[in-house]
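Engineer: So that we are looking at the same thing, I have put the structure below in structure tokens.
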Amino acid sequence: DKKQLLARDGNAIPAIGFGVWQSRGEELINAVRCALDSGYRLIDTAAIYGNESEVGTAIKTAGVRREDVFITTKLWNDRHDDVENAFSESLSKLGCDYIDLYLIHWPVSGQDLFVSAWNDMIRLRDSGRVKNIGVSNFSIEQIRRLEAETGVLPAVNQLQIHPLNQQRELVDWLRVQGVVTQAWSPLGHGSQHILTEPGILKIAARHHKTPAQIILRWLYENQIVALPKSSTPQRIKENIDIFDFSLSASELAAMRELDRGLNVGNDPTSFR
Ligand code: A2P
Numbered sequence: 055d056k057k058q059l060l061a062r063d064g065n066a067i068p069a070i071g072f073g074v075w076q077s078r079g080e081e082l083i084n085a086v087r088c089a090l091d092s093g094y095r096l097i098d099t100a101a102i103y104g105n106e107s108e109v110g111t112a113i114k115t116a117g118v119r120r121e122d123v124f125i126t127t128k129l130w131n132d133r134h135d136d137v138e139n140a141f142s143e144s145l146s147k148l149g150c151d152y153i154d155l156y157l158i159h160w161p162v163s164g165q166d167l168f169v170s171a172w173n174d175m176i177r178l179r180d181s182g183r184v185k186n187i188g189v190s191n192f193s194i195e196q197i198r199r200l201e202a203e204t205g206v207l208p209a210v211n212q213l214q215i216h217p218l219n220q221q222r223e224l225v226d227w228l229r230v231q232g233v234v235t236q237a238w239s240p241l242g243h244g245s246q247h248i249l250t251e252p253g254i255l256k257i258a259a260r261h262h263k264t265p266a267q268i269i270l271r272w273l274y275e276n277q278i279v280a281l282p283k284s285s286t287p288q289r290i291k292e293n294i295d296i297f298d299f300s301l302s303a304s305e306l307a308a309m310r311e312l313d314r315g316l317n318v319g320n321d322p323t324s325f326r
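Terminal number for the sequence shown in the working numbering: 326, no gaps in between.
This is the structure:
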């Protein structure tokens, strides 16, 4: 199935997902329902987003079966020493009896604590309440550390990836290890620098697609699971309508050239 990727343990992960950071209330519930109607099968939330209950409500009332939706949530930075309770809270807010993917949101608490959090995540997975465990915003060194100390590699590393921030050394290394890369803020958080980049506009015109669709297709062709967020029905549909065209080798090469290491997000590791 071209709309899924296989994680290292053989579990399938949808090749594109729906992000819900900064989305709340009715707007969020409508957006998640619209996403599920439009064909998204992965919803990406986090404890810190404060919207797990609404995500749970939206999924329950959308007319899809629980087992057909891949739900991701994340452990916040102040709970690295309290994984079991933090996880139970997320599970009850989402109204589920299992989560498809649970991530350590940031590697902020110092190496000893994030390794111990990882050991607790492994126990959660072994209990069956989480199908896959992973990390977010981790470096090569930090993932090596997890593997050295526990013998378990994450299924996923979720990173800020978009055309102006490609993190290719890390992504290439993850691919070799069999760790799936997911992209947060794949559209550069809606940054006009990215969505009006002349090189991307040119490719978009050639394919009669929008710049957002070119970026999301480029991520898909690099086996990166993009998690675009939108509250607008038309954009929600647009962002998953990327399976009817493909980029040429020279277009992929042109996309590579756009990398500038541009960070469009907050970096909680700087608050340590
Ligand atoms: P909106 O929610 O009003 O549609 P990212 O996922 O990279 O963080 O980007 C999210 C931002 O990009 C949101 O502000 C969203 O606005 C905007 N956005 C989402 N999809 C598109 C699109 N197809 N074209 C332009 N902007 C988009």
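Using N, Cα and C, we set each Cβ at its ideal position, and we do this for glycine too.
#1: Less than 8 Å between the beta carbons of R62 and A209, yes or no?
#2: Could you check whether the Cβ of P339 sits closer than 7 Å to any heavy atom belonging to ligand 1?
#3: Can the beta-carbon of I187 be found closer than 8 Å to that of Y156?
#4: May I have the straight-line CA-CA distance separating A116 from A202, to the nearest angstrom?
#5: Is any heavy atom in ligand 1 found nearer than 7 Å to the beta carbon of T264?
#6: Would you mind working out which of V169, L145, G149 and V118 sits nearest D135, comparing C-alpha positions?
#7: If you measure from the CB of G244, is any heavy atom of ligand 1 nearer than 7 Å?
#8: Ordered along the chain, which non-local residues of its own chain (more than five positions away) have a Cβ less than 6 Å from that of N317?
#9: Check for me: the beta strand (DSSP E) holding A66 runs from which residue to which?
#10: When we look at the beta-carbon of P252 and count the other beta-carbons within 10 Å, is it buried (16 or more) or exposed?
#11: Can you find the residues in the same chain that come closer than 7 Å, C-beta to C-beta, to R199, ignoring five residues on each side of it along the sequence?
#12: Since Y274 is in the beta strand (DSSP E), which residue starts that stretch and which ends it?
#13: Quick one: what's got a C-beta closer than 7 Å to E106's C-beta in the same chain, skipping five residues either side?
#14: Between the alpha carbons of W272 and H247, how many angstroms are there, rounded?
#15: Which same chain residues, not among the five before or five after P265, have their C-beta less than 8 Å away from its C-beta?
#16: What first and last residue would you give for the alpha helix (DSSP H) that runs through A303?
#17: Label N222 either buried or exposed according to how many other C-beta atoms from any shown protein chain fall within 10 Å of its C-beta, with 16 as the threshold for buried.
#18: Verify the contact flag: N293, CB atom, against every heavy atom of ligand 1, threshold strictly below 7 Å.
Structural biologist: Quick answer:
#1: Taking the first residue of the sequence shown as 1, we reach residue 62 at position 8. Taking the first residue of the sequence shown as 1, we reach residue 209 at position 155. Their beta carbons are under 8 Å apart, which means R62 touches A209 by this criterion.
#2: Look at the range of the chain in this structure, 55 to 326, and you will see that residue 339 is not part of it.
#3: The residue labelled residue 187 in the question sits at position 133 within the sequence shown. The residue labelled residue 156 in the question sits at position 102 within the sequence shown. Annotated as proximal: I187 and Y156, with beta-carbon spacing under 8 Å.
#4: As a first step, residue 116 must be located in the sequence shown, where it is residue number 62. As a first step, residue 202 must be located in the sequence shown, where it is residue number 148. The alpha-carbon atoms of A116 and A202 are separated by roughly 42 Å.
#5: For this step, residue 264 is matched to residue 210 along the sequence shown. Yes.
#6: The residue you call residue 135 lines up with position 81 of the sequence shown. Ranking the options by Cα distance to D135, first place goes to V169.
#7: The sequence position of residue 244 within the sequence shown is 190, counting from 1. Indeed, a heavy atom of ligand 1 lies less than 7 Å from the Cβ.
#8: Taking the sequence shown and counting its residues from 1, the one referred to as residue 317 is at position 263. Excluding residues within five positions, none has a Cβ falling inside 6 Å.
#9: For this step, residue 66 is matched to residue 12 along the sequence shown. Per DSSP, A66 belongs to the beta strand (DSSP E) from A66 to P68.
#10: Residue numbering aside, residue 252 sits at position 198 when the sequence shown is read from its first letter. Around the C-beta of P252, fewer than 16 other C-beta atoms lie within 10 Å, and the residue is accordingly described as exposed.
#11: Here residue 199 is taken as the residue at index 145 of the sequence shown, counted from 1. Same-chain partners within the cutoff: Q165 and V169.
#12: Locating residue 274 in the sequence shown gives position 220, where the first residue counts as 1. That residue, Y274, is in no beta strand (DSSP E); its alpha helix (DSSP H) goes P265 to E275.
#13: Here residue 106 corresponds to residue number 52 of the sequence shown, with the count starting at 1. If we look at E106 and ignore the five residues flanking it on each side, its Cβ neighbours are T99, T127, S144, K147 and L148.
#14: Position 218 of the sequence shown, counted from the first residue, corresponds to residue 272. Position 193 of the sequence shown, counted from the first residue, corresponds to residue 247. If you take the alpha carbons of W272 and H247, they lie about 17 Å apart.
#15: To locate residue 265, count along the sequence shown from 1; it is residue 211. Correct list, in chain order: I248, L249, T250, E251, I254, L255 and A258.
#16: Counting from 1 along the sequence shown, the entry for residue 303 is found at position 249. Unbroken alpha helix (DSSP H) run through A303: A303 to R310.
#17: Counting from 1 along the sequence shown, the entry for residue 222 is found at position 168. Note that residue 222 corresponds to Arg in the displayed sequence, not to Asn. It is exposed - the Cβ of R222 has fewer than 16 other Cβ atoms within 10 Å.
#18: Within the sequence shown, the letter at position 239 stands for residue 293. Within the cutoff, so yes.
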